[in-house]
Every structure is written in C-alpha cells, then in structure tokens.
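Here is the structure we will look at.
Protein chains in written order, with the working numbering: chain L, 28 to 303; chain B, 28 to 303.
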C-alpha cells in the first residue's frame with residue numbers, strides 16, 4: 028500500500044519489461060508492513076547519469092537497484108564503491124549515506140556465496156574455479172575473494188579478461204592465489220559456470236565434467252532451466268549443486284541489509300514472491 | 028501488483044507525507060487490473076524542472092500528478108497548456124503527447140464543476156460567485172467558464188487578484204460577464220467558498236449568508252470538516268450544498284480521462300479508496 032510516507036527503491040534499467048525484483052520485494056514489504064516499494068524506472072543510457080542524481084535528491088528516495096545497461100556506468104557515478112564492485116567493475120545497488128555521498132555495491136556474487144554457505148560448504152580457505160570472467164563471473168569471483176577463499180581459478184575464452192580480473196582481485200586481496208588459463212576442475216572445492224553456456228539446447232558444457240571431483244560443490248548462473256545439462260552432469264557425478272535462481276534469491280537479503288531494511292531468508296522470499 | 032510493464036504516474040510535490048492520491052488511484056487500478064501505479068516523488072523546487080523532464084524520458088512514464096509547490100512552475104515547463112491551466116496560472120496534470128510534447132492541464136476546478144452537474148444543477152447560462160481568487164478559486168472560476176456559465180462574480184480580499192483573474196477569464200471567454208469587488212451572493216445560482224475560511228474554528232464566514240438565495244447551490248473547498256460552518260449556514264437557509272471532499276473525488280475521473288485510462292464514477296472511487 029503506497030502512501031505519502033513510502034520510501035522508494037528505484038529499479039533502474041532499460042528495458043523494464045522483464046524485471047522481476049518488484050514481484051519479489053513488494054509482496055515481502057507488504058506482508059511485513061515495511062513502508063517501501065520497488066518501482067521499475069525505464070531509464071535510457073543517455074539520461075541515466077542525470078536521472079540517478081536527481082532520483083536520489085527526491086525526499087523519499089531510499090535506494091536504487093541498478094540493472095542492464097547501467098551496472099558499469101554506475102561505478103563512475105557513485106562517491107564510494109565497495110571493493111566487490113570495484114573489482115567486478117559493476118555496481119547494482121546504490122544508497123545515499125547520511126553524509127550525502129552515494130555508495131555503490133554489487134550483490135550478484137554475494138547471492139552465489141550465500142547459497143554455498145547456506146548449503147553447508149565452507150568458503151574460508153576453499154579453492155574455487157570460476158568459468159567465465161564477464162559481468163557475473165567477475166561478481167562471483169570478487170565475492171568469493173571477500174568470503175575468504177584461498178585460491179581462485181579463473182577461465183574465460185578471452186584469456187585477457189580472466190587475467191585482468193585476476194590482477195584486480197590480487198590488488199584488493201594480496202594473499203589470494205589466482206591461476207588463469209585452465210578450465211580443468213580437478214582439485215577444486217567449488218566450481219561455477221558463469222558463462223551463458225546452457226541457455227541454448229545445443230550449447231557445449233563449460234568444462235570437462237569427467238574431471239569434476241565428486242566432492243565439489245557445483246553452481247550455475249544460467250536460469251533458463253532449473254537443472255541445466257551442466258548441473259545434471261555434475262549431479263550424476265555425485266556433486267552437490269546450486270541452481271541459478273538460488274543465486275537470485277540468496278542475494279535479496281544482502282540488498283535488504285544494504286538498504287537498512289528488515290531482512291529474512293532466501294526461502295521465505297521465494298515463498299512470498301509472486302513471479303507468475 | 029507492480030511489474031516491469033507497469034506504467035508510472037509520478038505524484039510530484041514536496042513534502043509528500045500528506046499525499047492522498049496513491050490511496051485513491053492505486054486500489055482502483057488494482058481492482059480493475061489497470062497496469063499503472065501512482066508513486067509519490069518528493070521533489071524540491073530547485074530540482075523540479077530537471078526532474079520533470081527526466082521523469083518523462085523514462086520509458087514507463089505515463090503521466091504526472093503535480094501538487095504543491097510545483098503547480099505554478101509547471102505552467103512554464105510544459106509545451107502545451109490548456110486554457111483552464113493558463114487562466115488559473117497553475118497546472119496539476121502532465122502527460123506526454125504522441126508527438127513528444129508535454130501537455131499540462133488543471134482539474135481542481137473540474138472536480139467542483141462535475142460535482143455541481145452530477146447533483147443536477149445546470150452550469151450553462153448560470154450565474155456563479157467565487158469567493159477567493161487564489162489557486163483553488165482561480166481553478167474553479169476557469170472551470171466554471173469552460174462549463175459555460177454566463178456570469179461570474181469574483182471576490183478576493185486582495186481586490187487586484189480578482190480583477191486580474193477576471194481579465195484572464197475574459198481573454199479566453201469574451202462572452203462571459205465578469206463582476207469583481209462584491210461578495211454579496213444575492214442573485215447567484217452557484218456560490219462557492221474558495222478561501223481557507225472555515226479551516227480554523229473561529230474563522231468568520233466568507234460572506235453574509237443572510238443574503239444567500241435559498242435556491243443557490245453552495246459549495247466549499249475546505250476539507251477540515253465535512254460540514255463547515257459556512258455549509259451549515261447555507262443548508263439552514265435551504266441551499267443544496269457540496270462538501271470539500273466531493274471536489275476531490277469528482278476530479279479523479281477527469282484525470283483518468285486525461286491519462287487515457289479506464290474511468291469510473293466519483294462514488295465508486297470514494298468507495299474503493301483506502302484513505303484510513
């Protein structure tokens with residue numbers, strides 16, 4: 028129930044038609060009596076820098092969820108950037124600090140990490156392999172580093188992307204051991220596909236699953252189907268798996284905390300969401 | 028239920044805390060399955076010209092409800108202004124035309140006029156007296172002229188305000204007979220208090236009710252109480268009366284039409300509103 032006191036969380040991106048966040052957050056806010064609302068705002072690239080600034084000058088602006096095509100641009104528009112956002116070169120959450128500065132963070136990878144932790148796997152000291160060093164892969168790698176993994180394998184078809192990501196990671200986490208150039212999963216505790224492979228029916232698998240340790244925790248970012256061919260193959264080898272939408276819901280509590288709002292579990296959010 | 032396809036009607040003003048429109052429109056949109064939402068946006072004066080422009084560049088912007096302190100400023104920010112808004116010097120509704128121009132109109136007075144008409148009183152050819160030539164009085168006078176009244180009496184403690192309003196009215200409606208300088212209601216078919224008198228318990232009445240014809244239709248803009256002392260006195264003389272909130276609800280169908288949305292009656296909107 029929107030009223031004059033309702034705090035706005037702008038969902039800024041373009042196009043807006045496929046936005047899911049309003050149907051996840053708003054039913055939760057309603058159930059909990061939290062006087063806030065997520066509002067899709069279809070902002071084009073040329074207007075975005077000015078709009079972001081003016082949005083946060085609204086007296087009832089509470090925060091912004093930023094999505095395509097503004098995640099990269101936003102890193103240059105905020106006053107304070109978290110290490111995770113700086114490493115990944117992208118920002119998907121913005122809030123106004125008490126001192127008037129805009130602070131940006133990135134929670135895509137945090138969703139992956141929280142999902143791993145909640146499934147009982149230790150992140151501190153673990154060895155993790157991230158396949159794909161694009162937007163979501165960079166986000167996951169940065170969040171894994173923040174969570175304290177000891178070693179990160181980074182692989183991308185474009186080798187320089189993985190190498191540059193590795194350099195940015197080590198700049199913030201000097202103790203982290205980074206290796207690039209191989210997608211061989213043997214010896215890793217956590218393995219994640221952060222490429223689009225699996226979105227189309229005839230896509231190849233992102234790595235040689237015959238080399239997956241059965242002890243590995245295997246995650247996926249593709250949401251086109253719940254169990255992708257990659258996850259099916261990993262499960263057949265005995266691996267614990269995490270589906271793409273887990274990452275989506277696991278990150279929502281992180282945003283709620285960032286925005287200073289009462290939080291809950293990913294399962295609860297999934298249950299209250301009205302995505303149909 | 029807000030989703031990625033939802034059209035936004037920004038409710039632009041400052042402060043927002045007392046806004047009522049979201050609790051009137053949104054329950055109606057929800058009941059009717061109209062994929063639109065009224066969102067309060069607390070915009071300060073210095074930010075307003077830029078924000079209004081950028082708001083209408085959002086791909087899901089549908090329209091704006093404009094309130095204090097932006098009603099006057101808005102007349103200079105739109106490309107096309109209705110005669111009603113031009114006469115009153117205020118604009119409280121903005122939409123984007125198909126050709127990309129911003130069009131502004133004013134429906135405060137339309138609410139009053141629709142209330143009169145729905146209570147069975149003829150406006151065409153009528154003689155109407157408007158006490159108070161401020162924002163709401165100017166709006167009512169402009170809408171009465173549009174509705175075809177033959178003669179308008181205008182009175183304001185500040186005589187020049189009534190005289191200037193009269194000149195603007197005659198510029199758009201040359202056949203209208205305008206008289207200023209008297210608050211004597213004798214001889215009028217429609218009489219409206221458009222001053223704040225009645226908001227405080229010890230306010231004087233806006234005119235000498237002993238001179239009110241019992242045939243007069245008497246309206247009020249004050250909403251502090253349903254039956255103000257002025258309306259009570261008019262009713263005691265046998266006049267038909269219209270309360271302040273009637274004007275509020277009667278104008279909503281006019282906005283819905285302006286925004287190209289399915290409309291309904293004022294009573295229906297009043298019944299579905301969740302103002303508590």
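For every residue, glycine included, the Cβ atom is placed at its ideal position computed from N, Cα and C.
Keep in mind the model is a prediction, meaning the values are calculated, not measured.
Within chain B, no residue has its beta carbon less than 8 Å from that of residue 276 of chain L; the closest one is some 18 Å off.
For a Cβ distance threshold of 8 Å, residue set 43, 67, 68, 69 of chain L lies close to residue 87 of chain B, ordered along the chain. Setting aside the 5 residues that flank it on each side, residue 204 of chain L is surrounded in the same chain by 178, each with a C-beta closer than 6 Å to its C-beta; the list follows chain order.
Non-local beta-carbon contacts of residue 69 of chain L in its own chain, meaning distances under 8 Å to residues more than five positions away in sequence, involve 40, 41, 42, 43 in chain order. Under a 10 Å Cβ-count criterion, residue 274 of chain B is classified as buried, with 16 or more other Cβ atoms of the shown protein chains found around its own Cβ. Any Cβ of chain B closer than 9 Å to the Cβ of residue 50 of chain L would place that residue at the interface, and such an atom is present.
For residue 190 of chain B, the enclosing alpha helix (DSSP H) begins and ends at 186-199. Neighbours of residue 83 of chain L across chain B, judged by C-beta separation under 8 Å, do not exist; the nearest C-beta is about 10 Å away.
Taking the C-beta atoms as reference points, residue 183 of chain L is found nearer than 9 Å to residue 159 of chain L.
Under the DSSP definition of a beta bridge, residue 206 of chain B partners with B:180. In the three-state DSSP reduction, residue 73 of chain B falls in the coil class, being neither helix nor strand. By the C-beta density criterion, residue 109 of chain L is buried, having at least 16 other C-beta atoms within 10 angstroms. The alpha-carbon separation between residue 63 of chain L and residue 116 of chain B amounts to approximately 34 Å. Just measuring C-alpha positions, the residue of B:140, B:105, B:79, B:123 sitting nearest residue 285 of chain B is B:123.
When secondary structure is reduced to three states using DSSP, residue 220 of chain L falls in the strand class. Taking all protein chains shown into account, residue 227 of chain B has fewer than 16 neighbouring C-beta atoms within 10 Å of its C-beta and is therefore exposed.
Annotation for residue 278 of chain L: the continuous alpha helix (DSSP H) segment containing it runs 271-285. With contacts defined by Cβ atoms closer than 9 Å, residue 224 of chain L and residue 216 of chain L do not form a contacting pair.
At least one beta carbon of chain B lies nearer than 9 Å to the beta carbon of residue 77 of chain L.
Under a criterion of Cβ atoms nearer than 9 Å, no residue of chain L is adjacent to residue 167 of chain B; the nearest Cβ is some 25 Å distant. Burial state of residue 132 of chain L is buried, judged by a 10 Å Cβ sphere holding 16 or more other Cβ atoms. Residue B:238 holds the alpha-carbon nearest to the alpha-carbon of residue 214 of chain B among B:238, B:300, B:195. Contact between residue 260 of chain B and residue 232 of chain B is confirmed by a C-beta separation of about 6 Å, below the 8 Å threshold.
Taking C-alpha positions only, residue 147 of chain B is separated from residue 220 of chain B by approximately 20 Å. Using beta-carbon distances, residue 101 of chain L does not count as an interface residue toward chain B, since no partner is under 9 Å.
Against chain L, the beta carbon of residue 255 of chain B has no neighbour under 8 Å; the closest one sits roughly 24 Å away. In this structure, residue 289 of chain L places its C-beta atom within 9 Å of the C-beta atom of residue 61 of chain L. For residue 247 of chain B, DSSP records a beta bridge to B:220. Interface residue (Cβ-Cβ distance to chain L less than 9 Å): residue 72 of chain B is not classified as such. In this structure, the beta-carbon distance from residue 30 of chain L to residue 49 of chain B falls below 9 Å. Excluding sequence positions up to five before and after residue 174 of chain L, its CB lies within less than 6 Å of the CB of 140, 150, all in the same chain and listed in chain order.
Residue pairing by DSSP places residue 158 of chain B opposite B:182, B:220 in a beta bridge.
By the Cβ test, the stretch 100-109 of chain B is in contact with the stretch 69-89 of chain B, since at least three Cβ pairs between them sit closer than 8 Å.
Distance check between residue 83 of chain B and each of L:83, L:71, L:192, L:236 places L:71 closest, using alpha-carbon atoms only. For residue 299 of chain B, the uninterrupted alpha helix (DSSP H) segment begins and ends at 293-299. Residue 209 of chain L and residue 282 of chain L have their C-alpha atoms roughly 33 Å apart.
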